[in-house]
Structure formats: structure tokens, C-alpha cells
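As given, the protein sequences belong to chains Z and U, one line each in that order. Using the working numbering, the letters of the first sequence map in sequence onto residues 1 to 551. Using the working numbering, the letters of the second sequence map in sequence onto residues 552 to 1102. Using N, Cα and C, we set each Cβ at its ideal position, and we do this for glycine too. Presented below is the structure to which this report refers.
There are 2 protein chains.
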Amino acid sequence: MRTALAQINPVVGDIDGNASVIIQHINIAREHGAHLVVFSELAVPGYPPKDFVLRKDFVRRNEEAVDRITAACTNITAIVGHVRSDGHGVGKGIFNAAAACRDGRIVASYAKQLLPTYDVFDETRYFDRGNGPCVVDVPVENAVVRVGLTICEDLWNDRQFEGRRIYGHDPIEDTVKAGAEVIINISASPYSAGKYADRETIFAAQIAALGVPLIYVNQVGGNDDLLFDGASLVLDQTGRVLARAKAFDEDFLVVDHMGGADHRIEPYPERLESIRQALVLGIRDYFRKCGFRDVVIGLSGGIDSAVTAALAVEALGAERVLGVAMPSRYSSKGSLVDAEALAANLGIRYDVIPIEGVHTAMEMSLTSQFGDLPAGIAEENIQARIRGSILMALSNKFGSLLLTTGNKSELAVGYCTLYGDMCGGLAAISDVPKTVVYDLARLFNQSGDKPCIPEQVITKPPSAELKENQTDQDTLPPYEVLDVILERHIERHWPIDEIVNLGFERNLVSRIVQMVERSEYKRKQAPVGLKVTSLAFGTGRRMPIAAKTQS
Amino acid sequence: MRTALAQINPVVGDIDGNASVIIQHINIAREHGAHLVVFSELAVPGYPPKDFVLRKDFVRRNEEAVDRITAACTNITAIVGHVRSDGHGVGKGIFNAAAACRDGRIVASYAKQLLPTYDVFDETRYFDRGNGPCVVDVPVENAVVRVGLTICEDLWNDRQFEGRRIYGHDPIEDTVKAGAEVIINISASPYSAGKYADRETIFAAQIAALGVPLIYVNQVGGNDDLLFDGASLVLDQTGRVLARAKAFDEDFLVVDHMGGADHRIEPYPERLESIRQALVLGIRDYFRKCGFRDVVIGLSGGIDSAVTAALAVEALGAERVLGVAMPSRYSSKGSLVDAEALAANLGIRYDVIPIEGVHTAMEMSLTSQFGDLPAGIAEENIQARIRGSILMALSNKFGSLLLTTGNKSELAVGYCTLYGDMCGGLAAISDVPKTVVYDLARLFNQSGDKPCIPEQVITKPPSAELKENQTDQDTLPPYEVLDVILERHIERHWPIDEIVNLGFERNLVSRIVQMVERSEYKRKQAPVGLKVTSLAFGTGRRMPIAAKTQS
Chain Z
1 MRTALAQINP VVGDIDGNAS VIIQHINIAR EHGAHLVVFS ELAVPGYPPK DFVLRKDFVR
61 RNEEAVDRIT AACTNITAIV GHVRSDGHGV GKGIFNAAAA CRDGRIVASY AKQLLPTYDV
121 FDETRYFDRG NGPCVVDVPV ENAVVRVGLT ICEDLWNDRQ FEGRRIYGHD PIEDTVKAGA
181 EVIINISASP YSAGKYADRE TIFAAQIAAL GVPLIYVNQV GGNDDLLFDG ASLVLDQTGR
241 VLARAKAFDE DFLVVDHMGG ADHRIEPYPE RLESIRQALV LGIRDYFRKC GFRDVVIGLS
301 GGIDSAVTAA LAVEALGAER VLGVAMPSRY SSKGSLVDAE ALAANLGIRY DVIPIEGVHT
361 AMEMSLTSQF GDLPAGIAEE NIQARIRGSI LMALSNKFGS LLLTTGNKSE LAVGYCTLYG
421 DMCGGLAAIS DVPKTVVYDL ARLFNQSGDK PCIPEQVITK PPSAELKENQ TDQDTLPPYE
481 VLDVILERHI ERHWPIDEIV NLGFERNLVS RIVQMVERSE YKRKQAPVGL KVTSLAFGTG
541 RRMPIAAKTQ S
Chain U
552 MRTALAQINP VVGDIDGNAS VIIQHINIAR EHGAHLVVFS ELAVPGYPPK DFVLRKDFVR
612 RNEEAVDRIT AACTNITAIV GHVRSDGHGV GKGIFNAAAA CRDGRIVASY AKQLLPTYDV
672 FDETRYFDRG NGPCVVDVPV ENAVVRVGLT ICEDLWNDRQ FEGRRIYGHD PIEDTVKAGA
732 EVIINISASP YSAGKYADRE TIFAAQIAAL GVPLIYVNQV GGNDDLLFDG ASLVLDQTGR
792 VLARAKAFDE DFLVVDHMGG ADHRIEPYPE RLESIRQALV LGIRDYFRKC GFRDVVIGLS
852 GGIDSAVTAA LAVEALGAER VLGVAMPSRY SSKGSLVDAE ALAANLGIRY DVIPIEGVHT
912 AMEMSLTSQF GDLPAGIAEE NIQARIRGSI LMALSNKFGS LLLTTGNKSE LAVGYCTLYG
972 DMCGGLAAIS DVPKTVVYDL ARLFNQSGDK PCIPEQVITK PPSAELKENQ TDQDTLPPYE
1032 VLDVILERHI ERHWPIDEIV NLGFERNLVS RIVQMVERSE YKRKQAPVGL KVTSLAFGTG
1092 RRMPIAAKTQ S
């Protein structure tokens, strides 16, 4: 059986556009002599379609698109992910489905059985569970191949929570028992750093145990916070990788699942490089899918804005990026020099807009209220908010996407100003811990012809420069320490006691956890942030605000 | 059987505090001679505990609190809502449970069977389904009463989606079949306008059909966006209301479910008054549970800030409220007069901080970028952001809660400035359509000794006053029209065609829907808003941003 893996990048909600791309790939697959062409999970509406699924006209239009796609499947079978409505029985009557389309007919339809409802996933909000396997005969010359349809989480049936197996059954095993000679899995599996290795290991173990080959087609592209890494796979019945599509890019791969010579096995990038590519894809797709014309970034001379700018240049090209330095009375000369050098190295447009005039005017406005009270956080935030307002004025005036430059460590502990440096449409590195921001800076400097991020930006002590002689470590532990505590607390939900057992002082751990919990209100109002860790702030973390915290 | 309904207002996450309140009410119930005392759903952790439930130490502490509560149940049975962990079987092993506690033992435990996962609810994210009814013998003098335990959604088992019944079985019927002589339902049922009547109708119909009485204990209080209205109920076996606790306030009601003389039936407020009381409760509880000292509100002289200020005064007292007028070159004299009159009528502190100085300084800063381009939205937003920054400076300096004053209609169509008038910790009226804001203003003016909101504020054409001679209706249809379209589109998910069929022009409906869809990025960054309609922006509406929309 000759199979085409169509690893496309759908736009969420763009049913007509996605259907056109699907039909186009069906035609290409036919030209390649494929018997079967496979698309990713919910390819017609794009994944995740979220509350669009609650609109009956949206579901109807998505089903009409499937009809058009089906009509295009002459002499080829296509497996197409879509939202299926079903008038029978009890429940929502809405399924996350894979249709097998051939010669104008939906010859079989599978409904996803394992519906992830944790982290960023809300599938039981939208879908009913399918109630059994689906094996479809695919004509191959004068024979048929019995192909078992499954969707994404079905392959992750050994998922655990606190050491317990979450799901009660294994849809893959059931599909093989139902006679499948090949397992198809259509997927939209969001990237996080390191997940890829787990994915191949988990898939290979199941496939080897069941003794049937796997054709796995994953979505690629950025959809808001979620970054889909593609890297679609073909495994033989022993679990060995026969073919792998590109990571972080669209791809089209034609394979013969029974083996054969000429299969591409694209490399999967190592961890840090995968983070970089994921962020580049996320920026590019958010920008493109929202229809922006260019990007504006505030350049402080610090490492966060430097890495954000470098990512933006890689995603969109230097000509689309404007860097703006906004020095204040507390800005060091070095910061302005560093910002200018960075802009020059990257070849981006660069402006300097000093904030002293507005800063002084704002102080005068507040004189009668603030009186002789000592300066504090309020005064620091004023400066950050003036900068945010200037950047938003440029964004509004020129239709630019403002990229926020805050990292995960500072967003975690609230070391950022709401409506100040948190302003922006997309938070490019808000899920990147500060220590990894440094790693990315070094990676950028190693990978180009010459270093683009001035060495001084990497080596100087990080500072918000909102008062005299300020550095981040006035109030925070070293980032090497902070990031370990944050990772255990946020991504792994470890109790304070267990974090202390790693060898940290209890007072320090408690203080950090308290800072995280007290900053929930800020994160509530943060822009969409690109997810690269196993647990990002945003849709994957749902915390109460007016709550008593543990610390 | 003498039963106490303990309608308490738990703080989410405050396990120790909530447990103390529960034990206190157990003791009071015993003093009243009650055989049984009933608390609301998840009373120990508070509802909704959200991702706290993912922390094993949180679940452990909540179970330890249940042990302490159980130890306090001497000679009385208490029904206590809590998170139950369970080491057996497949699944998360976490349940939304009701424990029947007596004489130091948990004599029975029920796990909720119907787990709402729609709108603001994410219960399958956290909990496994219970698998059957639980009937417990409650000792009453020398006999026992067989009491059936159920939780919230179990009573809403006829819930529909698009005309289909969602749930496959009826836990209430199963409980009666298992021998229950009385149904207990512990609940945390969020308020929306008009929901109360549905609730009594639905409950009464089921109870009458099954022929057993109902004791229904609902949570009261505001927890972030969700407002719980209490109004706990006792229905006799015919579905007749025997007793009703207060709406929007804590209450403690002792009843004999077999009838009896002296039962209180508190009135439930009519629709508009219920909205007012819900908002007052929401402001008060967010303020109190977050630990703020006072409140600051920007007073524009318009109706939204006037109603927000009136609500804040009712919630917290005039002495805790500061109103700040921030006139610009475009502010009418009338606006300042109206703001001042409002502040005087309400008896709140009042300051005027003109923004001209900062406005001019900001324009000068942007001269080189903006050049001779005609003024537009960017220039308007600058003014709103200066005001937002001033209010946030006061909030940061004095620890005040900034209340955002935007209404649902303008938030829907994006007629608001991100980081400008959208600044704040809590959006008091962001789920109140503009037409209802007017109704609330009139209600306030009718209900006090004398009108608090100047008549001029109600009668003048609404305007953002961000440029010369601006009114909302320059770009929007009349609010009476807008609000009807928005309600159909947002709360009911109606297709454009069906809205047009109400008699509106297609161009108008399409334009409004498009405005709603293009403003999703603003709402992503909006503060917590108090939910009073059947579908509010926030946790109940989950939309993609970088998406192709329908219009």
C-alpha cells in the first residue's frame, strides 16, 4: 500500500481554506500513485477549534467541506479529520472524527475514544467518546489492506496521573483485535521540549507489542499558544522508524508501509534547537494567521528583548521588525549602546524614544496624591507603563504586532509590570525560563556567521533599570536556583516539602511559591504565550485568584 | 428528622478556615437539636478549587480537614463536600465527594456522577465519575431516615445541548430506587439572571415525579468571576417549597423535612434586583478575599463608571471608594460636573487629575514616528492609556483595587482600550449589557432616599470623549439593537442567518459579529469579570485568536 502523509498547517476556523489545501494534497497524492492519503486530526476546522465547535453552523459548514473533499477522492482513499455530528442517541452528538473518504462516499468513520481533558485540552467539553474501533478496507491494486483508524490520544492510552493509569482501555489493541493490519493515527500533538523522544518511545513500544505498522500524521504549525511540531512518522511492525517528516514545517511524504527503499527520515532537532524552531514557528504563524504587517519590540538592551528580536528576525525577516529603545533617567549608557548594537547586528529598523518628558509629566500629575511618600513599586511601574503605551501607540498606528519580551521566570514570580512590559499581542518567550533564554542567546550567537547578540548583553547582571543600581538579584535568587524551584512547583505540582528536600532553604522556597501565587492576577491578563514546556501559564494552568494560597 | 442547612461562603483554597467554619456550624446545628447538618459542594476546599486539585498535598490537606470535621460530629450527622482521593482502580482516583460524617467516622461517601464540562465548568479535568447512588441511614431518635446523597449537576440530569439530552442516566431516580426517603443535594450553582426560576421548576418537577422530599444546599459568595446565590431550598415530596434560605448572603436554616410550622421562606429578588445584588456580592467578596484596603474608580461622568461606583459603595461603603476624574482636552464640562455630582451624591472621596500635561508630552514623544499622519484610533487610545496608568499608579501606591468600568456591549465589540479603560483587577459590569447598565442606574435612583446618579448621566448620549464631538453611536447601532444581536450571537451561538431573520440588516449583523470576533485578543487580556448572564466572556467562552472567523 502506497500512503501519502500530508502534514499540513491548517488555520483554525478557515474551513474553506483548509478544505482547499486538503483537496490539493489529495490530487498530489493521486499523482504520486498513492492508494491512501492521510491528514492530521481535525484538519478541516484546524486544531484546536475551541468554542467554534459549539456553533451548529460551524459544524454544518465543516461537514459540507467533508462532502466536497469526499467528492474529490476519485480512485484514492483519504483519511480526513473533522467534527462529526450525529443525530442518534444520548449526549452532545458531536465527535472528533476521522472519515475514510473514497469515490464520493464516506466509506467509514471513526470517533476518537480517548478524549484528553487536562493541561491545555478540553475535549470532553466538546465531544462525545467514540465507542469502538473502526477498520476500513483500502483497495490496493487487486487486493485490500485492512486499515485501523485512531486519533491522537488513542495512542497515549497508558497516560498516568500520580502513578495511576488514567484510561481503562487501549483503543489501539482493540483496533488490532478488530483485524487492522496497519494502524493509522491522525494527531494534533502540541510540542513541548523533550516530548518528541517520549512520543517515539511510547509509540514504538505499543507497535512492537501488537506487531502492526503505524502511520502517524501530526499537525504542524502554531495556533495561538500551541505549537505543533509535525514530524509525522511511519513505524514498521517492530516499532522501527521507517520514515519521518520534517519537524516544524509542512511536509508531504509518500511511503510504502511494508518497507521499501527510498524513505526520508528527517532528523528531529535536539532540545534547545527545537525550542528555537518552535518559537520561530509560533511567531510566524501568529503573525501570519492574524494578518499583521510588521512587528515592534521594545529593546531594553537586556537579554530577553535581544532573544525575542532575534527570534522575530528569523521568523519574519529583518525588514519586518522595528526595535524601539526607550531610555529613562535610570537607563545605563551601556543599555542603549547594547540595544543599538543588537539592532545593527540583526539589520532591523531601530528608533530611540526617550521617556523622560512623559515620565516627568506623569510625576507632576501625581504630586498631590503621592506627596512625600517614599518611592517604590508604583514609581517603577509608571516607567514600564509609559514604555508599554508608546509601543502600543506604534502598534495601533502602524498595524504592527507588539511582541512582549518577558520570560517565564519573571512572569512566574510577578517580576513584570501589568500594562507595562506585559503589553503585547504575543508573548514570544513567556514559557522560556530565564536560564534557557541565556542558552538561546548563545545558540543564536553560535549559529550565525557572526554573533548577533552583543556579548555584554549576555554577561552583564540582568536589571529592569527602573531605579538606581537595580539588579534582578536584589529581590530574586540566582536564576539557576529560581528556575529549578519554579519547574518543580509549576510544571510538576511538587509540594514545598519536596522542593526543600532538594536542598533549598524552606524560607526561600516558600517565598518563591508565595510570589508565584500572588502574581496570578497579572498572568490572568497576560497575552497569549507560546508553550514550549510541559506546563505553560495560560490555558494549561487554571488557578483561582481571590483564593487563600498554600504558603 | 431535623436538618440544618448551612449556607456558607467558603474562601477557595482556605482549607483550614473553611473547616473551622464548618465545625462551628456543626456545633450550632447540634445546639438546635438537628440530626443532620448539610454543607454545600466542595465546602472544604471551596468551589471551584480549579488546578489546586492537581496538587496532591492540597488533596491530602483537604482530606485531613475532613478527618477533623468528622471528629467534631458527635451525636450529629454532617454531609460535607470535599475532594476525595481513592487508591483503587483506573482513572485519576480523584472525586467530587459528599462525606456523611458521624461520631468520628465517615459512615458513607458519595462521588458525583454527572460532572459538568461546559461553560465555566471543567469537572472532568479534575474528577472521575462516581458509579452509583449512595443512601445513608441517619439516626433520628430511635429510628433512622434513609437519606440519598447527590451533588449539584446530578439534579440537572435533563440538561440539553441543541435539543438532545446530554446525560444518559438520572442519578436522582437511581438514588430513590436505592431506597432514599429524602434526597440531599449539595451544590455550587453559579448565578445567572433568570436561572433561579429554572432551578426551582426543574427541581420541583423531578421531586414531584419521584415523590421524595429534597434538601438542597447551595454555596453562597463570589469566587472570582462566579457568583453563587445561595437560596438553599427544602421541597416537600410534591415539589412545593417548604423553606428557602436567603439569596446572596450566608444563612443557616433549621427545618423538619416532613413539614412543620415555622419555616422561613426567604423571597428571591426579581431579575434586575438580583443582578444588582449579585454584582455587589461579587465586588465585596473579590475585595475581601484578595485582602484589599480600598477601591479606586475612574469617573468619566458617564453611566458605566457611575453604576460601578454605586455598586462599589453598596458593597464596601463610601469611605472605601475613591473616584478619580481625569479630564482631557476633549472632555466636556458636563462630564466633570456629572462626575463631581455623582461623587458628592455617593459620599465618596473624589480627585481630579487632568491628563493634558502627560497627553502633550506623549504626543511630543511620538512626533517623529507619527509625522503628519491623520489622527485616529492610536491617538484616542493614548488618552485612555494615560488614564489607565494614573489609576494603576494610585492602585499600586495605596494598595487599592482598581475596578474596571466597561460593560458587556462595548467589551463585545471591542469599543474599549486594552491597557487603557480595560485596566483593573476586577471588571464589575463587564457581563452587563449596556441597556441593563441603564436599568441598573434607574434602579439605584429609585431605591435610595434620593437619586444618586445625576439624571444627566442617564439621559445624555454615551461618548468615550476621545475626540471632538464623539458619541458611541458614530460607529455602533443603538444599544437596544446592539444588545439583541450580541445576546443571540454570544449567549445562544446563533448563526448570522437566524439573527438576520429577527429583522436586522445582514450588513449590520455581519459587521457586529466581525467586531466581536476581531476583539478576541482584547478580551484575552481582560480582568476577571463578574458573570451575570448565561454566557460571560472569560472561562465560559474559549475562542481561538489567530483564526479565520465566520464573517
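List the residues of chain Z whose Cβ lies closer than 8 Å to the Cβ of residue i, in chain order.
i      : result
S916/U : I353, P354, I355, G357, V358, I390
Use the C-beta contact count for residue i: other C-beta atoms within 10 angstroms, 16 or more gives buried, fewer gives exposed.
i       : result
S919/U  : exposed
T117/Z  : buried
A178/Z  : exposed
N1058/U : exposed
G762/U  : exposed
E557/Z  : This structure does not reach residue 557/Z, given that chain Z is present from 1 up to 551, and the question cannot be answered.
A895/U  : exposed
H711/U  : The sequence shown places Gln at residue 711/U, not His. By the 10 Å Cβ count, Q711/U comes out exposed.
K1099/U : buried
H88/Z   : exposed
E123/Z  : buried
A963/U  : buried
Y1038/U : The question names Tyr, yet the displayed sequence has Glu at residue 1038/U. Under this definition E1038/U is a buried residue.
H359/Z  : buried
If the cut is a Cβ gap below 8 Å, which residues of chain U does residue i touch?
i      : result
D122/Z : T668, D673, R676, R1093
V12/Z  : P1095, A1097, A1098, K1099
Thinking just about the alpha-carbon of each residue, which of the options is nearest to the one in residue i?
i       : options                        : result
R518/Z  : G414/Z, K460/Z, Q456/Z, K450/Z : G414/Z
A944/U  : H88/Z, D86/Z, F504/Z, A378/Z   : A378/Z
D800/U  : T1022/U, G632/U, G772/U        : G772/U
I1096/U : I355/Z, K50/Z, F398/Z          : K50/Z
A861/U  : L954/U, V562/U, L1059/U        : L954/U
I737/U  : I1047/U, V595/U, K1001/U       : V595/U
I627/U  : H586/U, G868/U, L867/U, R791/U : H586/U
T726/U  : L706/U, C685/U, A739/U         : C685/U
L482/Z  : P461/Z, V509/Z, N469/Z         : V509/Z
What does residue i reach in chain U if we use C-beta pairs closer than 9 Å?
i      : result
Q514/Z : Those do not exist, as Q514/Z stays about 13 Å from chain U at its closest Cβ, beyond 9 Å.
K397/Z : L917, Q920, F921, L924, G927, I928, A929, E930
D566/Z : The displayed coordinates of chain Z run from 1 to 551. Any statement about residue 566/Z would go beyond what the structure contains.
Can you pull the chain Z residues whose beta carbon is under 7 Å from the beta carbon of residue i, in chain order?
i      : result
F779/U : Per Cβ cutoff of 7 Å: no residues; F779/U is ~13 Å from chain Z at best.
N774/U : P544, A546
L515/U : One cannot answer for residue 515/U here, as it falls past the ends of chain U, which runs 552 to 1102.
Going along chain U, which residues have a C-beta under 7 Å from residue i?
i      : result
V528/Z : K1075, I1096
K50/Z  : R1093, M1094, P1095
contact_flag[the stretch 565–579 of chain U, the stretch 608–623 of chain U] where n(CB pairs < 8 Å) is 3 or more: yes
Segment contact, 8 Å Cβ cut-off, at least three pairs: the stretch 840–854 of chain U with the stretch 869–883 of chain U: Because the criterion of three Cβ pairs below 8 Å is met, the stretch 840–854 of chain U and the stretch 869–883 of chain U touch.
Interface residues of the stretch 635–662 of chain U facing chain Z [CB-CB below 9 Å]: If you check each beta-carbon in the stretch 635–662 of chain U against every beta-carbon of chain Z, the ones closer than 9 Å belong to S636, G638, G640, V641, G642, K643, G644, I645.
Are the stretch 688–695 of chain U and the stretch 145–159 of chain Z touching by the rule of at least three beta carbon pairs closer than 8 Å? no
Near-chain U residues of the stretch 402–423 of chain Z (beta-carbon distance less than 7 Å), N- to C-terminal order: Y419, C423
Between the stretch 1041–1073 of chain U and chain Z, which residues of the former have a C-beta closer than 7 Å to a C-beta of the latter? H1044, P1046, Y1072
Cβ-based contacts, 8 Å cut-off: residues of the stretch 870–887 of chain U near chain Z: From the stretch 870–887 of chain U, no residue has a Cβ closer than 8 Å to chain Z.
Compile a chain-ordered list of the residues in the stretch 704–717 of chain U whose CB is closer than 7 Å to at least one CB of chain Z. Flagged, chain order: F712, E713, R715, R716, I717.
Below 8 Å, how does it come out for the stretch 452–467 of chain Z and the stretch 326–345 of chain Z: are there three or more Cβ pairs, yes or no? yes
The stretch 978–1012 of chain U: positions lying closer than 9 Å to chain Z by Cβ: none
Three or more beta-carbon pairs under 8 Å between the stretch 524–540 of chain Z and the stretch 488–501 of chain Z, yes or no? Touching, per the Cβ criterion.
Are three or more beta carbon pairs between the stretch 1046–1058 of chain U and the stretch 1075–1083 of chain U nearer than 8 Å? no
Below 8 Å, how does it come out for the stretch 3–16 of chain Z and the stretch 228–247 of chain Z: are there three or more Cβ pairs, yes or no? yes
Does the stretch 340–356 of chain Z come within contact of the stretch 440–454 of chain Z, defined as at least 3 CB pairs closer than 8 Å? yes
Count Cβ pairs between the stretch 987–995 of chain U and the stretch 823–835 of chain U that sit closer than 8 Å; are there 3 or more? yes
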